[in-house]
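Read through the structure below, which is laid out as structure tokens, and then see the notes.
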Amino acid sequence: MSSHAPLAVVILAAGKGTRLKSKRPKVLHEIGGKPLLAHVIAAASRVVAPEHIYVVVGHQADRVREAVASTGVQFVEQTEQRGTGHAIQCARSAVENYESLLVLSGDVPLIRTESIERMSRFHQAERAAMTILTAHPDDPTGYGRIVRRAPGSPDVEAIVEQKSLAPGQEKIGEINSGIYAFKSATLFAHLDKLTANNAHGELYLTDMAGILRAANERVVAIQAENAAEVLGANTIAELIALDAAMRDATAQRLMASGVTIFRPETCIIDAEVEVEADTVIEPFVQLRGKTRIGADCSIRSYTVIENCTLGNAVEILEHCVMADSSVADGARIGPFARMRAGSEIGRNVHIGNFVETKKTRMGNGAKANHFAYLGDSDIGGGSNIGAGTIVCNYDGFHKHRTQIGEGAFVGSNSTLVAPVTIGDGAYVGAASCITKDVPADALAVGRARQVTKENWAAARRAKIKAAKEAGK
Ligand code: UD1
Ligand code: CA
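Here the sequence shown stands for residues 2 to 473, numbered as in the working numbering.
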């Protein structure tokens with residue numbers, strides 16, 4: 002563990018989140034497509050390096066650790082969740098040698114780096130032992146309230162939890178965000194004075210305000226510029242409100258950079274999505290994960306795109322479902338296309354309705370306009386895949402690849418049994434079942450020959466008519 006470094010961040014994330022009534026630990030519930038805790042770690046990572054961020058885990062600790070392990074943060078275990086003050090006691094040996102501590106809450110995810118830094122600067126400038134980030138939300142119910150020593154004074158007398166409010170105190174509009182700065186030596190000198198003498202029988206970190214005051218230490222508060230960013234989430238309804246706020250912020254960010262989003266309130270756009278100027282997004286579109294979309298694209302209604310990269314001037318028509326794939330400039334996809342993981346779609350490719358691709362590369366200008374399954378295939382540029390083409394990539398045991406050369410023509414309703422190769426410029430006759438390689442520029446026809454019987458239908462009708470007449 003690092004010692005004598007100036008600043009550490011402690012993130013409280015051990016709680017169960019009883020009020021969510023969910024099996025999933027609260028800090029792993031998602032807003033904007035990302036766990037609450039991941040948002041808080043991202044904000045903290047721009048203040049200190051991850052080796053100075055200590056996440057206190059407890060309830061389903063392994064699951065929480067695993068979800069954010071890739072960020073490189075440190076973990077501290079709180080095996081029994083005996084309150085926010087107890088969580089800091091559990092972190093003591095890891096962080097007591099830092100000069101200052103910033104404490105963040107794993108369930109207050111909209112907090113911005115700028116606000117954390119502003120609080121930290123105020124804390125240093127005021128030479129305080131404890132600094133509390135506060136806000137005046139529309140409805141303070143449920144939050145701890147700030148009792149200032151005098152109106153307008155930065156100095157705080159105490160934090161009073163909702164359940165301990167004395168008559169009249171419920172009118173206090175200033176709330177505790179659960180985000181603090183501490184001078185570590187002073188915090189740890191007094192931390193053991195916490196008692197569980199309260200409504201929940203827990204050790205409240207909030208009680209440190211009164212304890213430090215009583216010891217004649219300086220406790221101050223600074224108000225967040227924007228109450229929305231310190232709202233917590235204790236219930237599903239509160240989580241959904243934060244999700245809406247985060248998605249609104251994302252849509253605003255994209256629109257400010259030149260993207261047109263019609264009815265943004267109907268779209269679900271994850272926090273990390275990037276879109277370039279002059280792209281138009283219609284109502285009820287979902288853009289998820291790390292999706293990147295270039296300029297001048299059109300994404301039409303009811304399309305869902307997850308972790309895809311789209312070039313410029315790409316047109317995605319209505320009702321497409323696309324994941325973990327890439328589409329190059331000028332391609333036109335849909336309506337009703339399904340693009341599964343590993344599809345690499347070249348420039349100016351056309352993929353039409355009810356075409357499914359998976360681990361398939363389509364070269365520039367290739368077309369598959371109607372009804373097809375194209376799995377585990379390499380399709381050369383300029384090829385035309387007819388309606389109803391099915392690649393049989395699975396033999397019941399293994400998956401095999403299909404190679405189709407450049408400028409090939411696969412007639413409608415063909416079945417290509419992999420592994421198989423169709424050469425450059427080759428033709429496959431409609432309704433063929435292709436089991437052997439087709440050389441370049443050849444024609445392969447793999448279907449029963451047509452038999453035509455002249456006058457057969459007329460003769461049959463005459464025979465039936467004669468039988469009827471004989472019968473009466
Ligand atoms: C807390 C504050 C309250 C403040 C509010 C802001 C206390 C006593 N109250 O209340 O003043 O207005 O946050 O959102 O601190 N946690 C642990 N270990 C525990 C208990 C909790 O790590 O033993 C973690 C939780 O996972 C959560 C955070 O601490 O991320 C806050 O705990 P929570 O129970 O949500 O506190 P609130 O009731 O919201
Ligand atoms: Ca909370």
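Positions of the beta carbon are idealized from the N, C-alpha and C atoms, including for glycine. Quick caveat, the model's predicted, so the values are computed rather than measured.
{"Check": "Thinking just about the alpha-carbon of each residue, which of ASP442, GLY472, ARG146 and VAL328 is nearest to the one in GLU407?", "Outcome": "ASP442"}
{"Check": "Return the chain-ordered list of same chain residues with a C-beta closer than 7 angstroms to the C-beta of GLY33, the five sequence neighbours on each side being excluded.", "Outcome": "ASP244, MET247, ARG248, THR251, ASP271 and ALA272"}
{"Check": "Report the three-state DSSP secondary structure of PHE123 (helix, strand or coil).", "Outcome": "helix"}
{"Check": "Would you call ALA419 buried or exposed, if buried means 16 or more other Cβ atoms sit within 10 Å of its Cβ?", "Outcome": "buried"}
{"Check": "Is GLY233 near ligand 2, judged by its Cβ being under 7 angstroms from some heavy atom?", "Outcome": "yes"}
{"Check": "Tell me whether GLU273 sits in a helix, a strand or coil according to DSSP, three-state version.", "Outcome": "coil"}
{"Check": "How would you write the range of the alpha helix (DSSP H) that ASP63 sits in, first residue to last?", "Outcome": "62-69"}
{"Check": "Pick from THR310, TYR55 and ALA130: whose alpha carbon is nearest that of VAL74?", "Outcome": "TYR55"}
{"Check": "Which of helix, strand or coil does DSSP assign to ASP297?", "Outcome": "coil"}
{"Check": "Can you give me the Cβ contacts of SER510 inside the same chain, cut-off strictly under 8 angstroms, excluding the 5 residues immediately before and after it?", "Outcome": "The structure shown does not extend to residue 510, since the chain spans only 2 to 473, so no value can be given for it."}
{"Check": "Answer yes or no: the CB of SER106 versus the heavy atoms of ligand 1, is any distance below 7 angstroms?", "Outcome": "yes"}
{"Check": "Which same chain residues, not among the five before or five after GLU508, have their C-beta less than 6 angstroms away from its C-beta?", "Outcome": "The chain is shown from 2 up to 473; residue 508 falls before or after that span and cannot be answered."}
{"Check": "Specify the secondary structure class of PRO36 as computed by DSSP and reduced to three states.", "Outcome": "strand"}
{"Check": "Buried or exposed for LEU38, going by 16 or more other Cβ atoms inside 10 Å?", "Outcome": "buried"}
{"Check": "With CYS268 as the anchor, note down where its beta strand (DSSP E) starts and where it stops.", "Outcome": "Element bounds for CYS268: n/a, residue is neither H nor E."}
{"Check": "Going by the C-beta, is ALA200 closer than 7 angstroms to any heavy atom of ligand 1?", "Outcome": "no"}
{"Check": "Alpha carbon to alpha carbon, how far is VAL77 from LYS24? Give it in angstroms, no decimals.", "Outcome": "22 angstroms"}
{"Check": "Heavy atom of ligand 1 less than 7 angstroms from the Cβ of ILE32, yes or no?", "Outcome": "no"}
{"Check": "Can the beta-carbon of ALA329 be found closer than 8 angstroms to that of ARG341?", "Outcome": "no"}
{"Check": "Just checking my contact of ILE180 with MET120 at CB under 8 angstroms: how many whole Å lie between their CB atoms?", "Outcome": "7 angstroms"}
{"Check": "Would you check if the region 197-211 and the region 84-95 touch, i.e. whether three or more CB-CB distances between them fall below 8 angstroms?", "Outcome": "yes"}
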